[in-house]
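Asks: Just dropping this structure here.
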Amino acid sequence: MRERAAAMRQRVIDRLSAEPLSRGQIEMVDAALTASLGHRDALLADDHDIDALHPGRTVLILVDDARMVDAELLATAALLESVRLDMRVPAGLRVATGAGWASRGMPTPLDVSVDDLVEAMLALTGDELDVVLAERLDHARHLHLRPRGEWASGLAIEEGVYLGLASRRGGLLGRRYERWHRAFSARIARAG
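What follows is the structure in structure tokens.
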């Protein structure tokens with residue numbers, strides 16, 4: 172793993188160490204995070220690519236904004252990818268992390284149609300929904316760094332699926348989603 176990915180891994184471990192998690196729980200999250208960061212690091216030529224540190228940012232959003240300390244869900248979050256299929260950790264490696272991924276499939280636009288996505292997300296527990304929302308919030312926050320041709324479709328899926336669920340869920344995660352939406356909508360308006 173290159174320096175930026177290793178630094179993100181350490182940042183997450185340091186942050187988790189301040190929470191009421193056992194060493195084994197932190198190791199579970201670390202295994203998933205290391206697998207995900209390592210997979211991305213091996214695929215991406217540029218370690219400054221916007222997708223390189225996504226798993227770590229997702230875990231930090233959950234810990235800091237959703238106050239999540241469920242190690243299995245944090246590990247699952249580190250493995251979740253809803254935008255780029257190539258960034259998903261291969262199945263064998265996901266199972267090896269012990270994150271319980273097989274029993275906790277989180278719905279994404281890569282797995283189900285957008286029409287079915289809201290329904291699938293409504294079946295999640297509140298904490299599971301937080302995982303999905305945090306993962307998408309990180310992608311949304313970086314949408315402006317993707318090619319401009321992807322902005323409208325990215326905004327459409329956020330507005331059509333995730334924004335409403337985040338508002339309904341509320342809390343800091345919901346407020347951050349709404350703040351992002353206002354800022355990004357203004358950016359698109361300015362860009363014409």
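Position one of the sequence shown corresponds to residue 172 (the working numbering), numbered consecutively onward. Glycine included, each C-beta is placed from N, C-alpha and C at the ideal position. Please read these numbers as outputs of a predicted model, since none were measured by experiment.
Identify the continuous alpha helix (DSSP H) that holds Val-289 and give its terminal residues.
Replies: By one-based count along the sequence shown, residue 289 stands at place 118. Start and end: 285-293.
Asks: For Ser-193, which residues in the same chain have their Cβ closer than 6 Å to its Cβ, ignoring the five residues on either side in sequence?
Replies: Mapped onto the sequence shown, residue 193 falls at position 22. The answer is none, since no qualifying residue turns up.
Asks: Can you give me the start and stop residues for the alpha helix (DSSP H) that Ala-216 sits inside?
Replies: Counting from 1 along the sequence shown, the entry for residue 216 is found at position 45. Premise fails: Ala-216 is in no alpha helix (DSSP H) and is neither H nor E.
Asks: To the nearest angstrom, report how far apart Ala-323 and Ala-291 are at their CA atoms.
Replies: Your numbering for residue 323 matches position 152 in the sequence shown. Your numbering for residue 291 matches position 120 in the sequence shown. Straight-line Cα distance between these residues: approximately 24 Å.
Asks: So, under 8 Å CB-CB, Val-303 and Leu-295 are touching, yes? Tell me the CB distance rounded to an integer number of Å.
Replies: Position 132 of the sequence shown holds residue 303. Position 124 of the sequence shown holds residue 295. Confirmed, about 7 Å.
Asks: Classify Ser-356: buried if its beta carbon has 16 or more other beta carbons within 10 angstroms, exposed otherwise.
Replies: Residue 356 sits at position 185 when you count from the first residue of the sequence shown. Result: exposed.
Asks: Gly-345: buried (16+ other C-beta within 10 angstroms of its C-beta) or exposed?
Replies: Counted from its first residue, the sequence shown places residue 345 at position 174. Burial call: buried.
Asks: Classify Ala-257: buried if its beta carbon has 16 or more other beta carbons within 10 angstroms, exposed otherwise.
Replies: Mapped onto the sequence shown, residue 257 falls at position 86. Contrary to the premise, residue 257 reads as Asp rather than Ala in this sequence. With fewer than 16 other Cβ atoms within 10 Å, it is exposed.
Asks: Out of Ser-188, Tyr-333 and Val-260, point me to the one whose CA is closest to Leu-293's CA.
Replies: The sequence position of residue 293 within the sequence shown is 122, counting from 1. Answer by Cα proximity: Tyr-333.
Asks: Rounded to whole angstroms, what is the Cα-Cα separation between Gly-195 and Glu-243?
Replies: Indexing the sequence shown from 1 puts residue 195 at position 24. Indexing the sequence shown from 1 puts residue 243 at position 72. Going by the C-alpha atoms only, they are around 11 Å apart.
Asks: Would you tell me roughly how many angstroms separate the C-alpha atoms of Ala-216 and Leu-251, rounded to the nearest one?
Replies: For the purposes of this step, residue 216 is taken as the residue at position 45 of the sequence shown. For the purposes of this step, residue 251 is taken as the residue at position 80 of the sequence shown. So the two alpha carbons sit approximately 21 Å from each other.
Asks: Would the region 201-214 count as touching the region 306-313 if we require 3 or more Cβ pairs under 8 Å?
Replies: no
Asks: When the Cα of Gly-363 is compared with those of Ala-248, Gly-325, Thr-229 and Arg-319, which residue comes out closest?
Replies: As a position in the sequence shown, residue 363 is number 192, starting the count at 1. Minimum Cα distance to Gly-363 is reached at Arg-319.
Asks: With DSSP as the reference, label Ser-193 as helix, strand or coil.
Replies: Position 22 of the sequence shown, counted from the start, is the residue given in the question as residue 193. Coil at Ser-193, not helix or strand.
Asks: Per DSSP, what kind of secondary structure is Ala-249 in: helix, strand or coil?
Replies: What you label residue 249 is simply residue 78 of the sequence shown in a count that begins at 1. It is helical.
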